[in-house]
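To start, the structure itself, in structure tokens.
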Amino acid sequence: MSNEALLPTSSGAERPKTFREFVSAVFKNVYVLYTISIISFLLLWDAASVLNLLGKFLPRPMEVVYQLYDMFLNPLAGKTLLEHLWFSLRRVLIAFAIAVAIGVPIGLSMGFSKYVHAIVKPVFDLFKPMPPIAWISLAILWFGIGETSKIFIIVIGAIVPCIINSYNGIRLVDPELYDCIRMLGGNKRQEVIEVTFPAAFPAIFAGIQISLSMAWTTVLAAELVGAREGMGFIIITGMNVSKPAMIIGGMVVIALTAWAISVAVTHLERWVCPWKTKLE
Amino acid sequence: MSDKQSTSSKVALKILPYLSILSVLGIWQLLVVTGVVPNTLLATPVQVVKLFFYKIGHADPDGAVLIVHVLVSIGEALTGYLLALLIGIPLGLLMGWFVLAEGLARPIFEMIRPIPPVAWIPLAIFWFGIGLTGKAFIIWASGMVPCVINSFVGVRMTNPVYIRMARTYGASDWEIFTKICVPSALPMVFGGLQVALAASWTALVAAELIAADAGLGFLITMGRRLLMPDMIVLGMVMVGITGVIIGVIIDRVEKRLVAGVRR
Numbered sequence: 089m090s091n092e093a094l095l096p097t098s099s100g101a102e103r104p105k106t107f108r109e110f111v112s113a114v115f116k117n118v119y120v121l122y123t124i125s126i127i128s129f130l131l132l133w134d135a136a137s138v139l140n141l142l143g144k145f146l147p148r149p150m151e152v153v154y155q156l157y158d159m160f161l162n163p164l165a166g167k168t169l170l171e172h173l174w175f176s177l178r179r180v181l182i183a184f185a186i187a188v189a190i191g192v193p194i195g196l197s198m199g200f201s202k203y204v205h206a207i208v209k210p211v212f213d214l215f216k217p218m219p220p221i222a223w224i225s226l227a228i229l230w231f232g233i234g235e236t237s238k239i240f241i242i243v244i245g246a247i248v249p250c251i252i253n254s255y256n257g258i259r260l261v262d263p264e265l266y267d268c269i270r271m272l273g274g275n276k277r278q279e280v281i282e283v284t285f286p287a288a289f290p291a292i293f294a295g296i297q298i299s300l301s302m303a304w305t306t307v308l309a310a311e312l313v314g315a316r317e318g319m320g321f322i323i324i325t326g327m328n329v330s331k332p333a334m335i336i337g338g339m340v341v342i343a344l345t346a347w348a349i350s351v352a353v354t355h356l357e358r359w360v361c362p363w364k365t366k367l368e
Numbered sequence: 008m009s010d011k012q013s014t015s016s017k018v019a020l021k022i023l024p025y026l027s028i029l030s031v032l033g034i035w036q037l038l039v040v041t042g043v044v045p046n047t048l049l050a051t052p053v054q055v056v057k058l059f060f061y062k063i064g065h066a067d068p069d070g071a072v073l074i075v076h077v078l079v080s081i082g083e084a085l086t087g088y089l090l091a092l093l094i095g096i097p098l099g100l101l102m103g104w105f106v107l108a109e110g111l112a113r114p115i116f117e118m119i120r121p122i123p124p125v126a127w128i129p130l131a132i133f134w135f136g137i138g139l140t141g142k143a144f145i146i147w148a149s150g151m152v153p154c155v156i157n158s159f160v161g162v163r164m165t166n167p168v169y170i171r172m173a174r175t176y177g178a179s180d181w182e183i184f185t186k187i188c189v190p191s192a193l194p195m196v197f198g199g200l201q202v203a204l205a206a207s208w209t210a211l212v213a214a215e216l217i218a219a220d221a222g223l224g225f226l227i228t229m230g231r232r233l234l235m236p237d238m239i240v241l242g243m244v245m246v247g248i249t250g251v252i253i254g255v256i257i258d259r260v261e262k263r264l265v266a267g268v269r270r
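Line by line, the protein sequences give chains A and B.
Heads up, the first sequence is in my numbering, so the first residue is 89 and it goes up one at a time.
Heads up, the second sequence is in my numbering, so the first residue is 8 and it goes up one at a time.
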């Protein structure tokens, strides 16, 4: 590769004079490289599949598209692709709402009172290192393989970032802000409403964001272990009937959904706490 | 607040954590002993400890002693984790500094990044089987993402003054990269290691739940199949403890390696 200037300091490009300079300018354009990258990725994938590099379990990219189209129109186990997606999303949303409703108040009260912190923190530390997926066997034993056990597991996964971030959000509020409001004669109630909440909100919201993506990961894990519908069910079915195109199709939809969720949450954040950029 | 009050509240704050843990364990034990929760659904802490000591020396009923399960899990986790470090960190560092590396690797990375690691499990089993390779692949996939992102961001956050100064003194791009960008990215990279560890450990347990013949996740699954809640809880506790221990070790290594860079 050419060792020309690369970081922003020297990226101000001059007008190319010779053909060689023109070529090297083209290859330094990020968008050209992006296009090359995506096209060569798809071509390599196709080649790997045609040449059987990974055995017969790597479908060609077009087969995945066909499979997706097929699942979109024809029901699999009684439900079309969108219905499966909806089932997974519904679980995520229910569990996420429960996790936020329980986790944020716990985190907040830990941040406000050191007594609550002294009581809750050790128990929380005891349970935190166990991955939510490790709860799955116990959940199945307790609640059967129905909705309850899945929602239980997702709540366990999603509640951790809610608690941690709400707690840290309250704890890490800039002390100068408190000094200011006290100097201006604010009472305790005003301190909480005018300073603590607005200052802690971006951190709390970040926790909620992490918890939503945790929920999406956990629902897949829960559905892989036992479910009759949902995106996890699609990829595990693809495994059971030896249809790798179905697995990769499912993964594509999962990735798109995860991406859509994160974009939606980022926009929501700008709308709900516009002062965040000012604070950082 | 008077002195007396503050000392008594200090004592209370010291005692409360222990009290809270003890009461959780006590309530748990009581719930099962009094039969509010049937013993078939939940094991008491005492039973779990008993099983722990039993499993140290006995292979039944799941086919291996406890230490074997732990070692199998750690072996799988470390293989995938080290691969993720070896590939992910250099890739992220290069992507942070060289336009060519970023342009070529970024789109593919952005396509793969939103896929939760658990979703790779069926493909990994297809491609590499349920042995070490398949699980190492899943761990690798889940550990890669934080490694790449943190190394990338670490390089991008390099103080531009250093770079300009090096340029003024005639350093080549490669020299700037190795002597300035990489060292200044190290703390960020180590932050990524902890995140990657948590992600890998979760993915490993998921992989072992779905297909395995040994390991801590397998222990949990066997506990469910044999209807032994004490074995499930033992598996969960061991997963938690092992994860914490690995995390502490990485933390120690970090403090040693980064010590010379930051101070």
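For glycine and all other residues, C-beta sits at the position ideal for the given N, C-alpha and C.
These numbers come from a predicted model, not from an experiment.
So which residues on chain A does residue i lean against when the C-beta distance must stay under 8 Å?
i: Gly138 (chain B); result: Within 8 Å Cβ-Cβ: nothing; Gly138 (chain B) doesn't reach chain A, min ~15 Å.
i: Leu48 (chain B); result: Leu229, Trp230
So, at 6 Å on beta carbons, what are the nonlocal neighbours of residue i in its own chain, with the 5 sequence-adjacent residues on each side left out?
i: Thr51 (chain B); result: Gln36, Val39
i: Leu200 (chain B); result: Ile257
i: Thr165 (chain B); result: Cys188, Ser191
i: Arg108 (chain A); result: none
i: Ile323 (chain A); result: Ile335, Gly338
i: Lys62 (chain B); result: Leu73
With distances taken between CB atoms, is the gap from residue i to residue j smaller than 7 Å?
i: Ile1 (chain B); j: Cys154 (chain B); result: With chain B running from 8 to 270 in the structure shown, residue 1 (chain B) is simply not present.
i: Gly295 (chain A); j: Pro249 (chain A); result: yes
i: Phe197 (chain B); j: Trp104 (chain B); result: no
i: Gly99 (chain B); j: Val118 (chain A); result: no
i: Thr284 (chain A); j: Val313 (chain A); result: no
i: Pro121 (chain B); j: Trp347 (chain A); result: yes
i: Ala143 (chain B); j: Gly87 (chain B); result: yes
i: Ile252 (chain A); j: Pro220 (chain A); result: no
i: Pro217 (chain A); j: Gly250 (chain B); result: yes
i: Val212 (chain B); j: Val246 (chain B); result: yes
i: Trp223 (chain A); j: Ile239 (chain A); result: no
Run the CB neighbour count on residue i, radius 10 Å, all protein chains shown included, and call it buried at 16 or more, exposed below.
i: Gln54 (chain B); result: buried
i: His205 (chain A); result: buried
i: Tyr76 (chain B); result: Note that residue 76 (chain B) is His in the sequence shown, not Tyr. His76 (chain B) should be labelled buried.
i: Ser80 (chain B); result: buried
i: Phe160 (chain A); result: exposed
i: Asp157 (chain A); result: The amino acid occupying residue 157 (chain A) in the given sequence is Tyr; Asp does not appear at that position. When all chains shown are included, Tyr157 (chain A) counts as exposed.
i: Gly42 (chain B); result: exposed
i: Thr325 (chain A); result: buried
i: Ala182 (chain B); result: Inspection of the sequence shows that residue 182 (chain B) is occupied by Glu rather than by Ala. The residue in question, Glu182 (chain B), is exposed, as its Cβ has fewer than 16 Cβ neighbours within 10 Å.
i: Leu356 (chain A); result: exposed
i: Phe60 (chain B); result: exposed
i: Glu117 (chain B); result: exposed
Give every residue of the same chain whose Cβ lies closer than 7 Å to the Cβ of residue i, excluding the five residues on either side of it in the sequence, and list them in chain order.
i: Lys167 (chain A); result: Glu317
i: Pro124 (chain B); result: Ile145, Ala148, Ser149, Ala206, Ala210
i: Arg231 (chain B); result: Ile239
i: Pro149 (chain A); result: Leu130, Trp133, Asp134
i: Glu279 (chain A); result: Tyr266, Ile269
What is the DSSP secondary structure of residue i, counted as helix, strand or coil?
i: Leu141 (chain A); result: strand
i: Lys186 (chain B); result: helix
i: Leu164 (chain A); result: strand
i: Val44 (chain B); result: coil
i: Ser16 (chain B); result: helix
i: Glu83 (chain B); result: helix
i: Leu233 (chain B); result: coil
i: Tyr176 (chain B); result: coil
i: Cys268 (chain A); result: helix
i: Gly254 (chain B); result: helix
i: Val111 (chain A); result: helix
i: Glu92 (chain A); result: In this prediction, Glu92 (chain A) has a pLDDT of 37, which is less than 50 and means its spatial position is unreliable; what the coordinates show is noted afterwards. Of the three classes helix, strand and coil, the one that applies to Glu92 (chain A) here is coil, per DSSP.
i: Gly320 (chain A); result: helix
i: Ala221 (chain B); result: coil
i: Met150 (chain A); result: helix
i: Pro217 (chain A); result: coil
i: Ser350 (chain A); result: helix
Could you tell me which chain B residues have their CB closer than 8 Å to the CB of residue i, listed as they occur along the chain?
i: Ser112 (chain A); result: What Ser112 (chain A) touches in chain B: nothing, since even the nearest Cβ is about 11 Å away.
i: Leu308 (chain A); result: Pro123, Val125, Ala126
i: Pro332 (chain A); result: Leu130, Phe133
For residue i, which residues in chain A fall below 7 Å Cβ to Cβ?
i: Trp208 (chain B); result: Pro219
i: Gly230 (chain B); result: Ser225
i: Leu98 (chain B); result: Ordered by position in chain A, no residue passes the 7 Å Cβ test against Leu98 (chain B), which lies about 13 Å from the chain.
i: Ile227 (chain B); result: Ala222, Ser225
i: Pro153 (chain B); result: Under the 7 Å cutoff, chain A gives no residues; its nearest Cβ is about 13 Å from Pro153 (chain B).
Below 8 Å CB to CB, which residues in the same chain sit around residue i once its five sequence neighbours on both sides are set aside?
i: Leu300 (chain A); result: Val180, Phe184, Ala246, Ile349, Val353
Run down chain B in chain order and give the residues with a C-beta less than 9 Å from the C-beta of residue i.
i: Ser176 (chain A); result: Ordered by position in chain B, no residue passes the 9 Å Cβ test against Ser176 (chain A), which lies about 11 Å from the chain.
I'd like to confirm something about residue i: is its beta-carbon nearer than 6 Å to some heavy atom of the ligand ZN, or not?
i: His205 (chain A); result: The ligand ZN is not among the ligands present in this structure, which contains no ligands whatsoever.
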